[in-house]
Amino acid sequence: MVDMTEIRTHLSQFEAPSRHLSQDGKEAPLAPLLPEQSQAETRWKDVGLPTRRDEYWKYTDPGVFLNFSPQTTEFKRENSPLFDGDVINIAAAAEGFVVKDGLATEIKIDNLSDDKMANSQAIRQIYGKLESQAQDMIPRGLAALNTHQASRGMVIECPENSQATVQLLMTDERKVSTGSMIHHVIDARAGAQLTLAEIGTQASQTNIVYEIRVGEGASVHLIRAARLSEAKSAHMCSIFADVAASGTFNSFALSAWSPWSRQEYVVRLKEDEAKTSLSGAVLGREDCHHDDMVLVIHEGQNCQSRQVFKKVLRHNAKGVFQGKILVRQDAQKTDGYQISQGLLLDDESEFCAKPELEIYADDVVCSHGSTSGGVDETQMFYLRSRGIAENEAQELLSMAFLSDAIEEVADEQVRVRLDEWAKEWFVEARSCQP
Amino acid sequence: MFHLNNSVDVKPREGVDHQTIETVKNVGSHYRHGWETEIEMEYAPKGLNEEIVRLISSKNDEPEWLTEWRCAAYHRWTELKEPNWAMVNYPRINYQDQYYYAQPKSFEQKPKSLDEVDPKLLETYEKLGIPLREQMVLAGVEGAGESPADGRKVAVDAVFDSVSVGTTFQEELRRAGVVFCSMSEAVKTHPELVRRYLGSVVPMTDNYFAGLNSAVFSDGSFVYVPPGVHCPMELSTYFRINAKDTGQFERTLIIVDQGAKVSYLEGCTAPQRDTSQLHAAVVELVALEDAEIKYSTVQNWFPGDENGKGGIYNFVTKRADCRGDRSKVMWTQVETGSAVTWKYPSCILRGAGSHGEFYSIAITNNHQQADTGTKMIHLGQNSRSRIVSKGISAGVAQNTYRGLVSVHPKAKNCRNYTQCDSLLIGDKCGAHTVPYIELRNHASRVEHEATTSKVDDDQLFYCRQRGLGEEEAVALVVNGFCREVLQALPMEFAMEAQQLVAISLEGSVG
Amino acid sequence: MLSIQNLHANLVEEDKAILKGVNLEIHSGEVHAIMGPNGSGKSTLSYILAGRDGYEVKAGKVLLEGQELLEMEPEERAALGFFLAFQYPVEIPGVGNMTFLRTALNAQRKMRGEDAISAADFLRLAREKAKHLGIGDELLKRPVNYGFSGGEKKRNEILQMAVLEPRMCILDETDSGLDVDAMRQVAAGVNNLRGKERAILLITHYQRLLDHIEPDHVHIMADGQIVESGGPELALKIEEKGYGFMSGEAN
C-alpha cells in the first residue's frame, strides 16, 4: 500500500496553492477548491502513486519524478509564439492564466482558481470525470493526485460552432521555480473548433492534466512544444479526451527539451465517426528520458485513430513508447493505425517500445509498426558521396525521420515553425558535443 | 508443395490447395483424438509434497543428485507465485488435487510379442496414426526395432501419461551416433550429459510452472547429436495424456553439438473430458557452435467443449540456448488445442552470428484462450531473429501474441524482423498483440509489424460462389493466411496441420 | 585526372579478392568506358573510388588530381570534384530533392572555401538544368528518388551531376532500365557535360549507351582486372562476339 509519509514528502515539492494561505501568511488547513477534488483524494490514495513494478512504468522510473528536487536557479523562458495573427494570447502567471491580448471572442476563458468556477457547467461535467473513468484500466495515480491538488489551470468553454486559436505562453517571471500542478478543462460544444498551443514550460517540475470534451462535430487541436534545454527538470502530463460523434481530437507534441518527461494520453472515441490523430516528435540527448504512453479506446463505429511517434536519441538518451489501440466489441468498422520509431545516433542511447493491439470487434483494420535502429548506412553514403559532411547528413536524415510526425499537424505555417525549432536542437546539440 | 487451384479459378489467398478442401470435407467433425484408452493404470497418490517427489524419483530409479535436484526444485516452487500477467482466465488450480504420476500397468514387465501387449495400448497408437512396426517398438516388444521401415523414416518416442513407452529406430540412430531415448533412460545411460545440461537453459526457478515441472517431471525425450552429425531422420515424440485427473509434466532436453543438425517433431493429444487437466512441460534446447535445431510442434490437446468445459491447461516453458557461434534454432508451432495456452518458445542468442526463428499459428475457437509468442534475446554480435506469428480467433475465444525482442548494448549488428497478423472470425472473440521491444545499440535494427483484420468477405463470397461451403471457404482462406508458417513445417506435419486448421474452426461461422 | 595504380580489394565480410590489380589512367577531357561481364568487379571499383564502407583495399593507390583519394572521406572526395552516378540511386523519404541538392552544393562550396549560393539563385540554376533533362518542377519537389521510376532516378542522377559540376564523373550502369527516349535524354545530358576540364568514366554492360556517348577509350574488365584496352572499336567487338571470346583469349 501507499506510504503516506513518503507521499507527503513528494507533495511538499509542489507549491501549496496560494489561495489557501491565510492573511497572516500561515498555512490554512487544505480545503478543497472544488467538490470533485476531495473524491480525487480517495482515488489517488487508492490506486497509489506509480512504482517501478507497475506494468506501464516498466521502462520509466517514476522515482525520478517523485523524488525530484526543484531547482532554484533562474531558468530560460520560452515565449516565442507558434501562431501569428488572429490568436488569443494567454500568459501564465503564478496566480493563474491571464489573457494578454487577442480578439474579442465568443469563447470563454477562466481561471480554475476563480471561486465562481466551481459551479460552471464545464467544471461540473468534466473536472475529474475524464480522469477518473480512465483509472479502471491502468492506474494513474499522478493524474488523480493532480485532480485533487491542482490550484491553477484554464477553463475554456467553446460555444456551439465557435472558432478560436488560443496560444498559451509560459512567461512566468519568477526566479525560483518550484513544482506546479496545473489542470486544464476544455469544453468544445457541438461544431466548435479550437486550436490550442502550449509553448514552453512552467516550472522545473510540472504535473499537468488536460481534460478535454469534444462535442458532436467539434474539433480540438492541441499542440505542445517545449524546446529549450534545462539542466534539470521533470514533467508529467496527462491528456484525457472524450470525443463525441464526428468529432476530432488531434494532438502533436514537440519535445526537444526535457531531461525527464512522460506524456499519458487517453482518448476515447465514444461515438460513431469520431477521429483522432496523436503524434510526437522527440529529440533527446544528455541523459534525457522521454516516455509517451498512449491509450486510444474505440467505442463508436466507423472511428479512425492514428498514432505517429518518432524519437531521435543521442548521448545516453532513452526513448520509450507504449501505445495501445483498444477496440470494444461494438466498435465495428474501426480503422486504427500506429507507428513508433526510434532513431539511435549512438550506442549510449536506447529505445524501448510496447505497441499493443487489444481488439474485441471483428470488422476492423488495425495495424501497428515499430522500428528502431541507427541511420540507414546506404542513405548516409549517398548523401556523403554528394559532398554532405557526416554530421550534416545525420541531421538531414534525422529531420526526414521526424517529418512524418510533424506532417500530422494540419497548419502549414505551424509545421514550418516546428521544423525550425527542431532544427535548432541540432545546432545546440552540435555546440555541446562531448 | 502448395499449388493454387487453377481448375476452379478460385482466387483466395495464396497457399491453399485442392487437397485441403478435400481433407476438410473428409475429416469428421469434432475432436479427432477425443477417445480414451481403458488401460489399467498405476497411480501415485494425489497431491504434491516431498514424498511424492521422492517417489517419482525412485520409480524412475534415479541417482541421488537428481532426487535432490527435484527436491530443491519442489521447495523453490512452493515459494514461487503463479503468474497472472497473461491475458488468460481460468479457475484456480488446486495443485493438491492432481495425480503427479501414472503409468500403464502392463509396463511393469516387458512383453515378448505383440500378442502380449495390452490391445488397448496398440489401439491408441493406431488412432494416433503410428505405423505398425513402430507400434511394436513403442509397445516395448523385444527385438521389434531392428528392421527398418519402408519409405521416409521418422523415429518416434511416445510418452503416454507420464511414461515414455518406447522409441523406434534405436539401432539406426545408434549407428549414426545419435542418442534418442526417454529422459529416464538417458539419466542411466548418459548421466554426465543430463547432469551438465538439465536446468541449464530453463533453471528450476525460472517460473512457477517450470519449477513444478522440475520437481515432478516423470519422463520425456532426450536427444544428443554428436559433433558434425546430421541426424539421418526426423525425430518425433507423441505426447498423450490419457488418465483422468492427471497432470503431465514431461521434460525434453536436446543437445546438438558442434556442426550437428537435427529436426524434431512433437505431437500432442488428450482424451475428451469435462474436467480440465494440467500440462506443464519444459523443453530445453542447447545448440553449440554451428549447430542447427529445428523444433516443430503440432499441439492438439483437447480444447474443451463448445461451452468451455474441460480441456487442457497448457503451461509450457520452451527455450533454446544458442550457445555457439553461428548456431541456429527454429521453432515452429501450430497451436490448435488446449483450453488455455501459456507458452513462449524462446531463443537466447548468445553466440556471435547465431540465428533464432519463430513461426507460429495459434487458433482459438469457442472458449479457448491462448497467450503465446516468443522471446528473442540478442546477446551475441551479428545475431539475427525472425518472428512470424499468425493468430486466428473465433467463437468467444481470446488470442494474444506476447513477445519480447531485446538487443543488448554489446550485441552489435543484430537484426530482428517481426510480423504478427491476427484474423478475427465472428464478433465475440478477441485478438491482442503485446510485443515488448528493447533496442540498446545503434548498429542494430529491430522491426515490428502487426495487423488485425477480419476474414475477407469478398474472398469468402468468391469461394462460395464457386461452390465451397461456408466452413470450407473459411478453412481455405485461413490456410492461405497461415501459409508462411505452414511452409516452415516438415512435410510430415504440414498436411496434418492444414487439416487441424480446418477442424479447429468448425462451428465458427454461421 | 584519375590514376588507379595496382588496386587490390576485398569485401570486408568475405575473405575473397574482388579487384586483383586494376590499373587505369584517365586524363582531363577524356571519356572512358569500362565494359565487362557481371561480377567482374566494375561496380566494386566505383564504390571503392567513392569511399563506400564494406571494402578493404589490400594494395595499390588512387590519385585524383595528384591527391590520395582512398584516404579521404566520401564528402571530401565529392568536394574535390569526384562524382558517382549510382547504379541504384538511393531513396530518401522525407528529404526534399531540392533541399538535398542545395545542401550538397553548399557543403561542397564551403569545403572549397566558396560562398553559399542563395536559395533563389539555386532554384533558378536547378530549374534550368532540370529543363534540359526533361525533369519537371513536380519531380524537384518530391523526396530524393522516393517513388521515382527507374528512368526518373537516372535522370535525377544526371541532374545532380549537372548542378554539382564535378570534374571526374563515374556513371555506373546508368543505361540500365532506360527506354530509348530516356537514354537519349540522359546521353544528351552527359554529352553536354563533356569538356576540357572534365573526365567521364562510363561503366556499362552493353554497347548501346556507347552509341549515344562515344568514348575515347574502352577497357574490358574481367575477374577483377582490366584485361584489354582500346578505342571505340573494342566495344563493337564485344557487342558482336560477347565476353566469351575474352576468356577464350585469356586461356
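Protein sequences, first through last, are from chains A, B and C.
So the first sequence is numbered by our numbering: it starts at -13 and just counts up by one.
So the second sequence is numbered by our numbering: it starts at 71 and just counts up by one.
So the third sequence is numbered by our numbering: it starts at 65 and just counts up by one.
We treat Cβ as the ideally placed atom computed from N, Cα and C, and that holds for glycine.
Its chain contains Thr434, Asn469, Leu494, Cys499 and Ala501 as the residues whose beta carbon lies nearer than 6 Å to that of serine 463 of chain B, once the 5 sequence neighbours on both sides are disregarded; these appear in chain order. For the region 114 to 127 of chain A, there are no residues whose beta carbon sits under 7 Å from a beta carbon of chain B. For a Cβ distance threshold of 9 Å, nothing in chain A lies close to aspartate 236 of chain C: the least Cβ distance comes to about 11 Å. For aspartate 349 of chain A, the CB contacts under 7 Å within the same chain, skipping 5 residues up- and downstream, are Gln318 and Lys319 in chain order. Using a 10 angstroms sphere on the CB of valine 413 of chain A, the tally of other CB atoms stays under 16, which defines it as exposed. Listed along chain A are Lys340, each with a C-beta nearer than 7 Å to that of tyrosine 506 of chain B. The Cβ-Cβ distance between arginine 188 of chain C and aspartate 179 of chain C does not fall below 8 Å. Selection A/Met222, A/Asp258, A/Gly286 and A/Val282 evaluated against histidine 276 of chain A yields A/Met222 as nearest (Cα-Cα). Each of A/Asp332, A/Glu376 and A/Lys340 was checked against the Cα of glycine 359 of chain A, and the nearest Cα belongs to A/Asp332. With its beta carbon less than 8 Å from one in chain C, isoleucine 374 of chain A belongs to the interface. Taking a C-beta distance under 8 Å as the contact criterion, cysteine 484 of chain B and tyrosine 471 of chain B do not qualify as a contact pair. Scanning C/Arg272, C/Ile284 and C/Ser110 for the CA closest to the CA of alanine 246 of chain C turns up C/Arg272.
Around the CB of glycine 200 of chain C, fewer than 16 other CB atoms lie within 10 Å, so the residue is classed as exposed. Taking 8 Å as the threshold, the shortest C-beta distance from cysteine 352 of chain A to chain B falls below it.
Counting only runs of 3+ residues, the beta strand (DSSP E) found wholly inside the region 214 to 262 of chain A occupies 220 to 229, 234 to 241 and 246 to 255, in chain order. Of all residues in the region 552 to 573 of chain B, none has a C-beta nearer than 9 Å to a C-beta of chain A. In the three-state DSSP reduction, lysine 80 of chain C falls in the coil class, being neither helix nor strand. The region 98 to 118 of chain A and the region 35 to 44 of chain A do not touch, with fewer than 3 CB-CB distances between them shorter than 8 Å.
Glutamine 380 of chain A and alanine 303 of chain A have their C-alpha atoms some 17 Å from each other. Closer than 8 Å to the CB of isoleucine 302 of chain C there is not a single CB belonging to chain A. In the structure shown, the three-state DSSP call for aspartate 497 of chain B is coil. Residues of the region 505 to 536 of chain B with a Cβ closer than 7 Å to any Cβ of chain A, in chain order: Pro505, Tyr506, Ile507, Glu508, Leu509, Arg510, Asn511, His512, Ala513, Ser514, Arg515, Val516, Glu517, His518, Glu519, Ala520, Thr521, Thr522, Ser523 and Lys524.
For valine 571 of chain B and alanine 564 of chain B, the gap between their C-alpha atoms comes out near 11 Å. Counting only runs of 4 or more residues that sit fully inside the region 479 to 551 of chain B, the alpha helix (DSSP H) segments are 527 to 535 and 540 to 551, in chain order.
Only buried fits aspartate 289 of chain B, as 16 or more other CB atoms lie within 10 angstroms of its CB. Glutamate 517 of chain B has its alpha-carbon roughly 14 Å from the corresponding atom of phenylalanine 307 of chain A.
One Cα belongs to histidine 354 of chain A, the other to alanine 252 of chain C, and the distance between them is close to 47 Å. One thing to note: cysteine 352 of chain A has its Cβ no nearer than 8 Å to the Cβ of threonine 488 of chain B. The alpha carbon of leucine 255 of chain A has as its nearest neighbour, out of A/Ala136, A/Lys94 and A/Asp316, the alpha carbon of A/Asp316. Look at histidine 276 of chain C here: in three-state DSSP terms it is helix. Cβ neighbours of proline 279 of chain C within its own chain (closer than 7 Å, five residues either side excluded): Val95, His96, Ala97, Leu266 and Pro296. Taking glycine 241 of chain C as the centre and dropping the five residues before and after it, the same chain places the C-beta of Gly214 closer than 6 Å to its C-beta, in chain order.
At a C-beta separation below 7 Å, proline 479 of chain B has these neighbours in chain A: Asp333.
Of all residues in the region 217 to 235 of chain C, the ones placed with a Cβ closer than 8 Å to any Cβ belonging to chain A are Gln224 and Leu228, in chain order. If you look at phenylalanine 387 of chain A, you'll find it in the alpha helix (DSSP H) that goes 376 to 392.
The three-state secondary structure of isoleucine 222 of chain C, taken from DSSP, is helix.
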